[in-house]
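For reference, the structure discussed in these notes is given below.
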Ligand code: PEP
Ligand code: MG
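Numbering (full-length UniProt numbering), first residue to last: 250 to 561.
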């Protein structure tokens, strides 16, 4: 039955009892966007703009940037939308024209939004390129910042994006942002939880360290609690809270996230059908029970076993 559900699921995303959940794609450039656009997704939940710049020595001009972003936006016209993430340079994603040299701990250093704020011209030019691409294509465009730690950062970023007439959000990747999600939502229109970095920073375990895989596991109860706090803040504020880290690509965990109140799931295109089909097989009540079971489990293995017993 599961196999035929997988083969036949064709979107849009919803639980078995019809509660809508947006299923979105993570993309890197025009080519991956055009490919993802053929999947049953309602848009893009994470466009990693820095991936277009990893092999560039110099910052692309505003016009060049508008063209790069426009390729992705053009693939999702009509009633779909694209969440563009501003440059997430530094640490595991070195960009030649936006580096901060000589850091002992790059993952805790000047990276993501910190790097953009340290070079305000860079951020303003990128936002200009995004706004130009949005105007040319007519695609609904949301803009979000990576690696936000304080409400003041979120407000400064949102003010810039709102001045361009676009929706503004921030990623929840740092535990401080999850703990203050309700205050973040007073200044932004949406939140998107990046579980890869949120797990890394919650567990103090390098996401690239294979020997720490037992810690860099989004099923860790501490990580799940921070996600639940963030999703609940979204429910209270009546604003969207999505997940765009690897956790959203795990079909069982996706149901847990929805049970916590997450309103969208963004993932690599290959995960869209397995996640969509699993979600379509579980009612919202079952997702909420799964969330409760995962949150009260002692460890990731117990959480997985408990959720599997409820949903499979
Ligand atoms: C994340 O950290 O979960 C995320 C989606 O961003 P990235 O993987 O690009 O750091
Ligand atoms: Mg991240």
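Beta carbons are placed, not taken as given, at the ideal position from N, Cα and C, and that holds for glycine.
Report task. Go ahead and pull the three-state DSSP assignment for residue 497. Result -> Looking up residue 497 in the chain shown gives position 248. DSSP places residue 497 in the helix class (H, G or I) of the three-state scheme.
Requested in this report: Given a cut-off of 8 Å, decide if residue 491 and residue 537 are closer than it, judged by their beta-carbon atoms.
Outcome: Counting from 1 along the chain shown, the entry for residue 537 is found at position 288. Counting from 1 along the chain shown, the entry for residue 491 is found at position 242. Their beta carbons are not under 8 Å apart, which means residue 537 does not touch residue 491 by this criterion.
**Report entry** According to DSSP, residues forming a beta bridge with residue 533
**Finding:** Counting from one through the chain shown, the residue named residue 533 turns up at place 284. Within the DSSP bridge table, the entry for residue 533 names no partner.
Query raised in the report: So is the beta-carbon of residue 363 under 7 Å away from any non-hydrogen atom of the ligand PEP?
Result: Here the question's residue 363 lines up with position 114 in the chain shown. No - the ligand PEP has no heavy atom lying nearer than 7 Å to the Cβ of residue 363.
Query raised in the report: Mapping DSSP to helix, strand and coil, what is residue 445?
Result: Counting from one through the chain shown, the residue named residue 445 turns up at place 196. Reduced to three states, the DSSP call for residue 445 is helix.
Query raised in the report: With which residues is residue 272 paired in a DSSP beta bridge?
Result: As a first step, residue 272 must be located in the chain shown, where it is residue number 23. For residue 272, DSSP records a beta bridge to 514.
Query - Whole-angstrom distance between residue 289 and residue 325, CA atom to CA atom - result: Residue 325 sits at position 76 when you count from the first residue of the chain shown. Residue 289 sits at position 40 when you count from the first residue of the chain shown. The alpha-carbon atoms of residue 325 and residue 289 are separated by roughly 12 Å.
Report task. May I have the straight-line CA-CA distance separating residue 330 from residue 296, to the nearest angstrom? Result -> Here residue 330 corresponds to residue number 81 of the chain shown, with the count starting at 1. Here residue 296 corresponds to residue number 47 of the chain shown, with the count starting at 1. The alpha-carbon atoms of residue 330 and residue 296 are separated by roughly 11 Å.
Query - Distance between residue 476 and residue 266 (C-alpha atoms, nearest Å) - result: Locating residue 266 in the chain shown gives position 17, counting from the first residue. Locating residue 476 in the chain shown gives position 227, counting from the first residue. A direct Cα-Cα distance of roughly 23 Å separates residue 266 from residue 476.
**Report entry** Alpha-carbon to alpha-carbon, residue 257 and residue 402
**Finding:** As a position in the chain shown, residue 402 is number 153, starting the count at 1. As a position in the chain shown, residue 257 is number 8, starting the count at 1. C-alpha separation (whole angstroms): 44 Å.
Requested in this report: Could you tell me how far apart the beta carbons of residue 338 and residue 362 are, in whole angstroms, since I believe they sit closer than 8 Å?
Outcome: Taking the chain shown and counting its residues from 1, one reaches residue 338 at position 89. Taking the chain shown and counting its residues from 1, one reaches residue 362 at position 113. Contact check for residue 338 and residue 362: beta-carbon distance about 10 Å, past the 8 Å limit, so the pair fails to qualify.
Query raised in the report: Heavy atom of the ligand MG less than 7 Å from the Cβ of residue 275, yes or no?
Result: As a position in the chain shown, residue 275 is number 26, starting the count at 1. The answer is no for residue 275.
Query raised in the report: Helix or strand or just coil, what does DSSP make of residue 308?
Result: Within the chain shown, numbered from 1, the residue matching residue 308 stands at position 59. Residue 308 falls in the coil class under three-state DSSP.
**Report entry** CB-CB length for residue 294 against residue 513, believed under 8 Å
**Finding:** In the chain shown, residue 294 corresponds to position 45, counting from 1. In the chain shown, residue 513 corresponds to position 264, counting from 1. Between residue 513 and residue 294 the Cβ distance is about 6 Å, and since that is below 8 Å, they are a contact.
Query raised in the report: In chain order, which continuous runs of the alpha helix (DSSP H) of length 4 or greater are located wholly inside the stretch 360-435?
Result: 362-367, 369-386, 400-412, 424-428, 430-433, all fully within the stretch 360-435.
Query raised in the report: Quick check: the stretch 456-475 against the stretch 405-417, are there 3 or more CB pairs under 8 Å?
Result: No, because fewer than three Cβ pairs between the stretch 456-475 and the stretch 405-417 fall closer than 8 Å, the two stretches do not touch.
Requested in this report: Between the Cα of residue 341 and those of 312, 445, 434, 386, spot the shortest distance and give me the residue it belongs to.
Outcome: Residue numbering aside, residue 341 sits at position 92 when the chain shown is read from its first letter. It is 445 whose Cα lies nearest to the Cα of residue 341.
Query raised in the report: Got a list of residues with beta-carbon closer than 6 Å to any non-hydrogen atom of the ligand PEP, in chain order?
Result: Going by the Cβ distance cut-off, the answer is 295, 297, 337, 422, 443, 444, 445, 446, 493, 494.
Query raised in the report: Would a C-beta distance cut-off of 8 Å place residue 546 and residue 467 closer than the cut-off?
Result: The sequence position of residue 546 within the chain shown is 297, counting from 1. The sequence position of residue 467 within the chain shown is 218, counting from 1. At the C-beta level, residue 546 and residue 467 stay beyond 8 Å of one another.
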